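Worksheet: the structure to be examined is printed underneath.
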Amino acid sequence: MRLRRSLAVAVAVAVTTPVALFTAAPALAAGAPAAQTRNQPTYAELKKAAADAQKAYEKALAAKEEGQEKVKATLEALDSDTHPLKAATITADKAAEEAADTETAAEKAVRDAEAAVEAAQGETEKAEAEKALETAEADLAKAVEAKEKADAAAEAARTALDDARVAAVREYSVLQKALDDALAAKEAAEEALGTAEECVRETGLTSLAVGLPAEVVAGTTVDFTLRVTNGTERTLTVDPLAFVHVDGERGGEKSRLAVEWSNGSGWHALNGDEPEHIAHIDTMAPGERSDVKLRMTVAPDAASADAFALFAADASSAYRPCVLGPMKRYDFELLPADSDPGPVDDADPGQTGKDDDQRPATTGPGTTPQGGAAGQPVTTARTTPTTPTTRTAGTGTYGTTAVTGGTLAQTGTSPALAPLGAASAVAVALGAGAVLAARRRMTADR
């Protein structure tokens, strides 16, 4: 009974629950139309299904191992002469052998009686021999009937013993089948979770620099804005990405640029050595816009040089822990102190280079960025997001209600448990594979 209860748990949890979730394929991007994702399981549901399937598999494995020990013990017991079924078989076989011996003796008695009738000399002797033959034939008939009953009893005893062996093996085979089903459900859950964890590209999640000049004079400070817009159809958690660098500067050396960003409660320096997440946005509705203030100071002794800024947004949704917006590159020039460049236009976003689209470990639920001021609140001004709305890092309100956003998220990549299993997901992987490989190599080198 205990094994059957374990089996019921394994089958019900491992097979029914996860498979019901996996029938809806994950959407390929954060902004997938709602009609395409109405029945799509969330990332949290997929994680729970994978965890449940793992537990169910472990239970099924334990039940199978327990069943293996049980069937071994049962078969060993059935082979023991002291087991009732085996003892009954031994007794029945012995009775059948004795009945066969009795039949053989009765057959010999009949043959002897027939020979005596043939050899009789006279009427009296012949009559006595015939009477003895009748008695021998009657005894033989009884012996034949007794042997048939003994053979049937022996056959029944052997059948009962064999049935007990078959029942023990059959119970174990059911447990083995349950384990196979649980393994299949676990693998399906892992594949679905792995597919959901693959990073997807979302062109509607944009990051633009506003007010970054194309030329900056040494010894001066310029203010500009990083504007992040959620042009998708899904609410996102967003980590803007920023990197400002002077061409030729090596990691670790003092930079000619000092760049800071503001979340409304103070200024926080970029490390300048690698892209980093800033100004975490806990909830960003479709159509909503967020502005992050930045300021850049050029060292007074800076010589002429080319520099560039990279901006993007990493995000997550209820369905995807890794959503990547397009990277924008802004090239600008450093001019020596006391230069008079005259009116300066804003730097225009250009094509990213082959090594530009490298990011820190991608964001996911419950993660924190490399660098920046973890734990600083981000507050914003919002309006109904039917058209792009503005949210500025700093104190803000929803109408008359004051709001404060979340804290900066921690970066980290959730491990993909299985390769993409759908052709549509493969198409996304082909488009993003080279960039993701470069980004992960960069992260690993650090």
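In the numbering used here, each residue carries its 1-based index in the sequence shown increased by 302.
Cβ coordinates follow ideal geometry from the N, Cα and C atoms, glycine included.
If you're wondering where the values come from, they're calculated on a predicted model, not measured in any experiment.
- The three-state reading of DSSP puts Ala362 in helix, counting H, G and I together.
- Counting C-beta pairs with one atom in each stretch, the region 586 to 598 and the region 528 to 544 have three or more that are closer than 8 Å, which means they touch.
- Only buried fits Arg558, as 16 or more other CB atoms lie within 10 angstroms of its CB.
- Around the CB of Val512, fewer than 16 other CB atoms lie within 10 Å, so the residue is classed as exposed.
- Within the same chain, Cβ atoms closer than 8 Å to the Cβ of Ala649 are found at Ala511, Leu514, Pro515, Ala516, Ala611, Tyr632, Asp633 and Phe634, the five residues on either side in sequence being excluded.
- Counting other Cβ atoms within 10 Å of its Cβ, Asp659 reaches 16 or more and is therefore classed as buried.
- Rounded to the nearest whole angstrom, the CA to CA distance from Ala544 to Ala364 is 50 Å.
- With a 10 Å radius around the Cβ and a threshold of 16 neighbouring Cβ atoms, Asn341 comes out exposed.
- Our two residues, Pro651 and Lys630, have alpha carbons roughly 6 Å apart in a direct line.
- Taking a contact to require three or more Cβ pairs closer than 8 Å, the region 586 to 606 and the region 518 to 526 qualify as touching.
- By the CB criterion at 7 Å, Val625 and Glu504 fall inside the cutoff.
- With contacts defined as CB atoms closer than 7 Å, Pro638 and Ser606 qualify as a contacting pair.
- For Glu420, the enclosing alpha helix (DSSP H) starts and ends at Pro386 to Ala421.
- When secondary structure is reduced to three states using DSSP, Ala346 falls in the helix class.
- Taking 7 Å as the cut-off, the Cβ atoms of Ala452 and Ala397 count as close.
- Taking Glu500 as reference, the option from Pro643, Arg622 and Glu360 with the minimal CA-CA separation is Arg622.
- Here the region 571 to 584 does not lie against the region 458 to 474, with fewer than 3 beta-carbon pairs under 8 Å apart.
- The alpha-carbon separation between Asp525 and Leu572 amounts to approximately 14 Å.
- In this structure, Asp414 is the residue among Asp414, Ala462, Ile580 and Ala362 with its C-alpha nearest to the C-alpha of Ala431.
- Pairing Ala438 with Ala411 gives a Cβ-Cβ distance under 7 Å.
- Boundaries cannot be given for Glu576, as no beta strand (DSSP E) includes it and DSSP labels it neither H nor E.
- By the C-beta density criterion, Glu405 is buried, having at least 16 other C-beta atoms within 10 angstroms.
- Under the DSSP definition of a beta bridge, Arg591 partners with Thr531.
- Ser641 sits in coil when the DSSP states are folded into three classes, being neither helix nor strand.
- In the structure shown, the three-state DSSP call for Asp383 is coil.
- In the DSSP annotation of this structure, Ser567 is not part of any beta strand (DSSP E), being labelled neither H nor E.
- By the Cβ neighbour-count rule, Lys444 is exposed, with fewer than 16 other Cβ atoms within 10 Å of its own.
- Burial of Ser618 is indicated by the presence of at least 16 other C-beta atoms within 10 angstroms of its C-beta.
- Spatial neighbours of Ala455 in its own chain (CB-CB distance under 8 Å, excluding positions within 5 residues in sequence) are listed in chain order as Ala394, Ala397 and Ala398.
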